[in-house]
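Here's the structure, in structure tokens; my notes come after.
Numbering (my numbering), first residue to last: 32 to 215.
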């Protein structure tokens, strides 16, 4: 069957390329950090439980991790984002953001141990290491599946500041291999 158009004429515009690229998570090679962790606590009345649930989902999307039901942590200053979010929903004044230095602790757990646990860093790092071993055994036929494997890891990676990651972090090496794979 003849198509009503020539496939030679089809071309993805720059905007189309940008929209496609935006659908995939990016591995951030620059992660500026001010040296603090931020604890976020809130007390939203039960009558506004819908807003509270929306806040929890929002906290996850901006890279926060839950410590307790209404206590979250993030290495990136959330003040502006959260102030805007709270004001738009009429729940401003119900949140407290506290700064915690990188040498601090929460309970008896060190910050390094805490971050590793709540962000599942050990599991993510193992997945990066497995990806690296898969790339070393790769064939041309597997390039697409390797790209998908890397993208699924990046989607789960909280991309914490490099200073807060375990000493032997495989994310950077995996990213370099992914770039080489992507170019070929």
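We put the CB at the ideal spot given by N, CA and C, even for glycine.
Problem - The alpha helix (DSSP H) enclosing residue 185, as first and last residue numbers - result: Residue 185 -> alpha helix (DSSP H) spans 174 to 187.
Problem - Cβ-Cβ distance between residue 181 and residue 162 below 8 Å - result: It is a contact, given that the beta carbons lie within the stated cut-off.
Handout entry: Cβ neighbours of residue 65 in the same chain (closer than 8 Å, five flanking residues each side left out)
Key = Only 108 meet the Cβ criterion.
Handout entry: Delimiting residues of the beta strand (DSSP E) encompassing residue 19
Key = Nothing can be reported for residue 19: it is not among the residues displayed for the chain, which extend from 32 to 215.
Exercise for the section: List the endpoints of the continuous alpha helix (DSSP H) containing residue 210. Expected result: Taken as a continuous stretch (DSSP letters only), the alpha helix (DSSP H) holding residue 210 covers 202 to 214.
Exercise for the section: Quick one: grab the DSSP three-state call for residue 161. Expected result: Helix at residue 161.
Problem - Per DSSP, the bridge partner or partners of residue 97 - result: Answer by DSSP bridge pairing, in chain order: 103.
Exercise for the section: Rounded to whole angstroms, what's the CA-CA distance from residue 173 to residue 205? Just pull it up for me. Expected result: Their Cα atoms are separated by approximately 16 Å.
Practice task
Would you kindly report the start and end of the unbroken alpha helix (DSSP H) that includes residue 69?
Solution key: Annotation: residue 69 is outside any alpha helix (DSSP H); the continuous beta strand (DSSP E) that includes it extends over 67 to 73.
Exercise for the section: Since I believe residue 142 is in contact with residue 197 (beta carbons under 8 Å), could you give me their beta-carbon distance rounded to a whole number of angstroms? Expected result: Going by Cβ atoms, the distance from residue 197 to residue 142 rounds to 12 Å, so no, they are not a contact pair.
Handout entry: Identity of the residues DSSP links to residue 137 by a beta bridge
Key = Residue 137 pairs with 140.
Exercise for the section: Kindly list the residues whose CB is nearer than 8 Å to the CB of residue 63, restricted to its own chain and excluding five residues on each side of it in sequence; keep chain order. Expected result: Excluding positions up to five away in sequence, the list reads 192.
Practice task
Specify the secondary structure class of residue 219 as computed by DSSP and reduced to three states.
Solution key: Nothing about residue 219 can be reported from this structure: the residues present for the chain run from 32 to 215 only.
Practice task
Check the Cβ-Cβ distances between residue 149 and every residue of chain B, and say whether any is below 8 Å.
Solution key: Absent from the structure is chain B; it holds one protein chain and no more.
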